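Before any comments, here is the structure.
Numbering (UniProt numbering), first residue to last: 1 to 379.
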């Protein structure tokens, strides 16, 4: 067994997620084979085998283990989803769990519901007046039609062709993305645990499929140019995986898998430039944000510069602001505007938020200077 494991380890990046004629990976076979010990399943997972791979029968390794009542294997293959119980969950208008049922979600006006439905149905023929109405009333966007509105804003689609490309990207990504990156993805799936999708809908499985598919699709580029697996993995390593998992999780809270994949593709356009917020170096944000900071909040900028404060810290904060810093319901509201108007909205919101916090920053700065002077005087 040790010799066999050593061979697997040496070729893990090549064969660990390879498919046979039936679309099964070694993990599928180990889960469905009676003679295979749970330790084999555990070893494959530790070396980057994809838990969510789907074979030609539409089944994951977990499905085989559960079907054949291999409970020890099923426990290893389950991504710690909440166990199904008879407990009744109460959700608010955003489909996030309400801890106390007394807090019933706010009901939207019927006229707003009808109006949004009309806008969705006639989006392509909407007049300028209607689009102004959309911009004015985004603050009261009905959650029941939010998914359709996001599709309209970004021109994302859920067609058979998109579904096939999604499955193809996931299939290829599972085989060609390095096991180390797959393990890093799996470590960052713990997002939005209080949302219905992640409580009842096996959201972590969907999120892993979405992230793997997007990362592979992102690195394809021009299909006429051959890209080696080494170059592809090097490019993938430049993506901030935790941020991508949070963005993917946020999209799954609103739209389905296929639409989320199509929407992520649309976000790569110049209008949204999502790649700049996922790139470790964030070249565009590094160029724009400090200059906006200097123009709009000159006093704070000068104070921080005088003590050698690196504005790169604010860049990291800016990248997480719209997926992690603000409360999630506010994040969804901001994404309504972001998807409708584009990336400029994010810079405007970030600068105005810093203006709001300016007095607090100045107070902290003065306190810091006084502390330094005190230490210097009594040293």
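Every residue gets a Cβ at the ideal spot worked out from N, C-alpha and C, and that includes glycine. In this text the structure is predicted, and so the values were computed from the model without any measurement.
- Only residues of its own chain outside the window of five on either side were considered, and among them 325 have a CB closer than 8 Å to the CB of residue 317, listed in chain order.
- Here DSSP, grouped into helix, strand and coil, assigns residue 272 to coil.
- Under the 10 Å beta carbon count, residue 21 is surrounded by fewer than 16 other beta carbons and is classified as exposed.
- Per the DSSP secondary-structure output, residue 195 pairs in a beta bridge with 96.
- The residue among 90, 255, 288, 352 with its C-alpha nearest the C-alpha of residue 203 is 255.
- Below 8 Å, enough C-beta pairs join the region 172-184 and the region 41-52 to call them touching: three or more.
- Note on residue 249: 16 or more other CB atoms within 10 angstroms of its CB, so buried under the neighbour-count rule.
- As the crow flies, the alpha-carbon of residue 208 is around 40 Å from that of residue 297.
- With 16 or more neighbouring CB atoms inside 10 Å of its own CB, residue 322 falls in the buried class.
- A direct Cα-Cα distance of roughly 36 Å separates residue 39 from residue 278.
- Approximately 23 Å separates the beta-carbon atoms of residue 195 and residue 152; this is outside 8 Å, ruling out the contact.
- Annotated three-state conformation of residue 173 is helix, per DSSP.
- The alpha-carbon separation between residue 53 and residue 273 amounts to approximately 30 Å.
- Proximity to residue 16 across 33, 41, 37, 32 peaks at 41, based on C-alpha coordinates.
- In the DSSP annotation of this structure, the continuous segment of the alpha helix (DSSP H) that includes residue 27 starts and ends at 26-32.
- In the structure shown, the three-state DSSP call for residue 322 is helix.
- Taken through DSSP and simplified to helix, strand or coil, residue 230 comes out as helix.
- Taking the CA atoms as reference points, residue 211 sits about 10 Å from residue 189.
- Per DSSP, residue 253 lies in no alpha helix (DSSP H) segment and is marked neither H nor E.
- Nearest Cα to residue 191 within the set 359, 23, 245, 329: 245.
- When DSSP states are grouped into helix, strand and coil, residue 19 belongs to the coil group.
- A residue is called buried when at least 16 other Cβ atoms come within 10 angstroms of its Cβ; residue 306 does not meet this threshold and is exposed.
- For residue 155, the three-state secondary structure derived from DSSP is coil.
- Within the same chain, and ignoring the five residues on either side of residue 347 in sequence, the residues whose Cβ sits closer than 8 Å to its Cβ are 288, 289, 292.
- Note that the region 156-165 does not touch the region 342-361; fewer than 3 beta-carbon pairs, one per stretch, sit closer than 8 Å.
- The region 335-363 contains, as complete alpha helix (DSSP H) runs of 4+ residues, the segments 344-356 (chain order).
- Between residue 262 and residue 156, the C-beta spacing is below 9 Å.
- The beta carbon of residue 340 sits closer than 6 Å to the beta carbons of 153 from its chain, once the five residues preceding and following it are set aside; these are given in chain order.
- For residue 63, the uninterrupted alpha helix (DSSP H) segment begins and ends at 61-67.
- By a beta-carbon distance limit of 8 Å, residue 64 does not contact residue 18. Their separation comes to about 17 Å.
- Across the set 344, 213, 331, the C-alpha of 213 shows the shortest separation from the C-alpha of residue 173.
- In summary, residue 216 is buried, with 16 or more beta-carbon neighbours lying within 10 Å of its beta-carbon over all protein chains present.
- Counting the other CB atoms within 10 Å of its CB gives residue 336 a total of 16 or more, which places it among the buried residues.
- In summary, residue 302 is exposed, with fewer than 16 beta-carbon neighbours lying within 10 Å of its beta-carbon over all protein chains present.
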